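Below is one structure, written out as structure tokens, with a few remarks after it.
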């Protein structure tokens, strides 16, 4: 019963907001926090003010045209910023804005033909496409076979730990070599 009730509610809401998308406003692509999940991408809460500025969209206007805004989120990488700006520009190009008054359409509003063509989007607006880059198959080289990951990591760790001691030792040896010829004279 609950399943049916929820379905009926969703359908009712979709009819109410039509022709707006049923799933709500467009959301940005963000990386999950913490070392465990930072390789995963998901949809976030809202676009940053910086992303909206880069896409030439007013932050107050953004809410009215179906773009979610999150004032708290900060951009930590240029790549993430560019990705979301591109997302906004693509969304803006596909957007069909209905005029408030059909008799007085503003600049940027849809024409009568475009309004007739408009259909309601049922799913998520611009879902994330997870692209997997496949490598071509090749033979394993002798160098790769001989490579020992454990030994390499172990050696790197020892080198990092002993670096200061080795520097000090080398400096002392250099000073001893300079001092030794003076005694011989």
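Residue numbers (this note's numbering): 1364 to 1548. Quick reminder that beta carbons are idealized off the backbone N, C-alpha and C, glycines included. Just so it is clear, the structure is predicted and the values come from calculations on it, not from any experiment.
| Query | Result |
| --- | --- |
| Spatial distance of residue 1531 from residue 1522 (CA atoms) | 14 Å |
| Any 3 or more C-beta pairs closer than 8 Å across the stretch 1402 to 1418 and the stretch 1368 to 1379 | no |
| Local conformation of residue 1389 per DSSP, three classes | strand |
| Backbone CA spacing between residue 1424 and residue 1386 [nearest angstrom] | 19 Å |
| In DSSP terms, what residue 1406 is bridged to | 1392 |
| Whether residue 1528 touches residue 1454 by CB criterion (7 Å) | no |
| Cβ neighbour criterion (16 or more within 10 Å) applied to residue 1382 | exposed |
| Nearest to residue 1488 (by Cα), restricted to the options 1470, 1524, 1473, 1430 | 1430 |
| Residues that residue 1430 bridges to, as DSSP identifies them | 1389 |
| Proximity of residue 1549 and residue 1491 at Cβ, strictly below 7 Å | Not covered by the structure: residue 1549. The range shown for the chain is 1364 to 1548. |
| For residue 1384, the nearest candidate out of 1507, 1511, 1467, 1457 (CA to CA) | 1457 |
| Boundaries of the alpha helix (DSSP H) in which residue 1443 is found, first to last residue | 1441 to 1457 |
| Backbone secondary structure at residue 1517 - three-state DSSP | helix |
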